[in-house]
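Presented below is the structure to which this report refers.
2 protein chains.
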Amino acid sequence: MTRKKVKLAFITNDSARKATYKKRKKGLLKKVSELSTLCGVDACAIVYSPYESEPEVWPGPVGVQLVISRFKRMPEMEQSKKMVNQEGFIKHRIAKANEQLRKQCKENREKEMTEVMYQCLTGRGIQDLMMADLHDLGWLVDQNVKKIEKRIEFLKKMAPPQQAKPPTTPPGEPSMPVDGIPRTGWFNQWMNNPGQNKGSGSGNEMTMKFHENHNFMWSSAFFP
Amino acid sequence: MTRKKVKLAFITNDSARKATYKKRKKGLLKKVSELSTLCGVDACAIVYSPYESEPEVWPGPVGVQLVISRFKRMPEMEQSKKMVNQEGFIKHRIAKANEQLRKQCKENREKEMTEVMYQCLTGRGIQDLMMADLHDLGWLVDQNVKKIEKRIEFLKKMAPPQQAKPPTTPPGEPSMPVDGIPRTGWFNQWMNNPGQNKGSGSGNEMTMKFHENHNFMWSSAFFP
DNA sequence: ACATCTATTTATAACTC
DNA sequence: TGAGTTATAAATAGATG
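Going down the list, the sequences are from chains Z and C. For what it's worth, this note's numbering labels the leading residue of the first sequence as 1, then goes sequentially. For what it's worth, this note's numbering labels the leading residue of the second sequence as 1001, then goes sequentially.
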């Protein structure tokens, strides 16, 4: 788990597997001993490797015997209860992994569309985008506009209008002058009335570039 | 182990211990399963906690039984061999910790003396330093001088002398103009002949400040 | 094969809700 | 209490000697 995220599967390369085995066995035994010390519980670990004739154990054979005998003394019924526990453990892990997958996909998609958006700002056409892409792009643009508006509101409160000092732009956020022109929901508004050109000359560079430079054609073919 | 490096000892706070137990048990079982998967070995872990009536195990009671029976089948003699293994494990860890301790002490000492050195450069006297401190301080100064010389050599090679462009100083290293005056081992030289003032007017700011501002008295009382 | 180093991932202590 | 978050320590994959 470093230098590269390792795939959780049998390592086919023999020497790599052995190296990993040694490192991880050491780490594992350390973990058992720590758990035992920190929480004052009885615990043991047994590992059979093809590299040693005897199993490698913690906390030594005697301790292992003690823990084992305690385990063996349990009725079968109770023992199998833990089987569920084990299954639950795996299930939980699967559920969690799925959750992560979902999040990651969403994040990827957002990054993808951000890339597309920036390309649009530097001359890319959007004729070849599919409906789904256009939809997400629109959403993304609106998100950005919302951010900008928030920022504008913030700056208005900070700096009284007559002062009009140039704001410092925090890194990572798009910069925009505080010109006091409201743009609330422009994208959605425009979606609903694509033909209605306000002609206000407000000069929002981002949005102007967005539909001036290209054959902009979100027609009824796309929005029936 | 985070937010704070935790001391490896029984956690007295009950709720903290339980929280730690849950987290670490989970981590431990994950580790066993990973080791088993990645390296294709049989392994098991058993943990008895006061928090559950049954032991928590990996890889489920049946798997544990298998591993245990394999372990039990071994003759006593061979089992106890692993006892040594366990001892060796601990011994190795102790040796390693000692090694780390030594390194850390050295590092600490160096930082300490670096601090003193900088204090000297901004007006601190050295009358109250002990022999050992003075010795180490001297060593440190020499190290720095050596670094500076290396840098000078490097810059000489990079920039031909007639060009004399001002060098960019890498962060963390003391800055010094490339004036071509050799200073090899000045500290040791001077140690051997403290009275011999070269009077070259070379203007090494660091060293000048070092013995001009204070009652500099490394006499024969200190160097017999 | 083994120890060491470094970049990165993983585990997790303390915090928050 | 327990689940989720964050900052930091620990584990470790891959490289190197």
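Heads up, the beta-carbon is just placed ideally off N, CA and C, and yes, glycines get one too. All values derive from a computational prediction rather than experimental measurement.
Close to chain Z, meaning a Cβ-Cβ distance shorter than 9 Å, are the following residues of the segment 1025-1036 of chain C: Lys1025, Lys1026, Gly1027, Leu1028, Leu1029, Lys1030, Lys1031, Val1032, Ser1033, Glu1034, Leu1035, Ser1036.
Taking a Cβ-Cβ threshold of 9 Å, none of the residues of chain Z is close to C/Gly1138; the smallest such distance is about 41 Å. Within chain C, no residue has its beta carbon less than 8 Å from that of Z/Arg3; the closest one is some 15 Å off. Under the 8 Å criterion on CB atoms, C/Ala1097 is classed as non-interfacial with respect to chain Z. C/Ser1049 reaches chain Z at Cys39, Val41, counting residues in chain order whose Cβ is nearer than 8 Å. The beta carbon of C/Ser1036 is closer than 6 Å to those of Ala1043 in its chain, skipping five residues each way along the sequence. By the CB criterion at 8 Å, Z/Leu137 and Z/Met117 fall inside the cutoff. The Cβ atoms of Z/Glu34 and C/Leu1008 lie closer than 8 Å to each other. Judged by beta-carbon spacing, C/Lys1018 lies within the 8 Å limit of C/Tyr1051, meaning their Cβ atoms are closer than that value.
Taking 8 Å as the cut-off, the beta carbon of C/Val1032 is found closer than this to the beta carbon of Z/Ala45. Scanning its chain for C-beta atoms nearer than 6 Å, with the 5 sequence neighbours on each side dropped, one finds around Z/Val57 the residues Ile46, Val64, in chain order. C/Ile1011 places its beta carbon less than 8 Å from that of Z/Leu38.
Within chain Z, no C-beta atom comes nearer than 7 Å to that of C/Leu1134; the closest sits roughly 43 Å away. When DSSP states are grouped into helix, strand and coil, C/Glu1054 belongs to the coil group. DSSP, reduced to helix, strand and coil, places Z/Thr2 within a strand of the structure shown. Looking at the DSSP output, C/Val1116 bridges to nothing. Burial state of Z/Cys120 is buried, judged by a 10 Å Cβ sphere holding 16 or more other Cβ atoms. In the three-state reduction of the DSSP assignment, Z/Val41 falls in the coil class.
Shown here, C/Ile1094 sits in a helix according to DSSP, grouped into three states. With respect to the C-alpha of C/Met1131, the residue from C/Met1113, C/Ile1148, C/Lys1005 having the closest C-alpha is C/Met1113.
The C-beta distance from C/Phe1154 to Z/Pro55 rounds to 56 Å, too long to fall under 8 Å, and the pair is not in contact. Annotation for Z/Met131: the continuous alpha helix (DSSP H) segment containing it runs 131-158.
At least one CB atom of chain Z sits nearer than 8 Å to the CB of C/Ile1046. Residue pairing by DSSP places Z/Ile46 opposite Z/Val57, C/Cys1044 in a beta bridge.
With a contact defined as Cβ atoms closer than 8 Å, Z/Tyr21 and C/Val1041 qualify at about 7 Å. Here DSSP, grouped into helix, strand and coil, assigns Z/Asp14 to helix. Taking 8 Å as the CB threshold, Z/Ile68 lines the interface with chain C. By the rule that beta-carbons nearer than 8 Å mark a contact, Z/Ala9 touches chain C. Counting the other Cβ atoms within 10 Å of the Cβ of C/Val1062 gives fewer than 16, which makes it exposed.
Here C/Lys1025 is buried: its Cβ has 16 or more other Cβ atoms, across all protein chains shown, within 10 Å.
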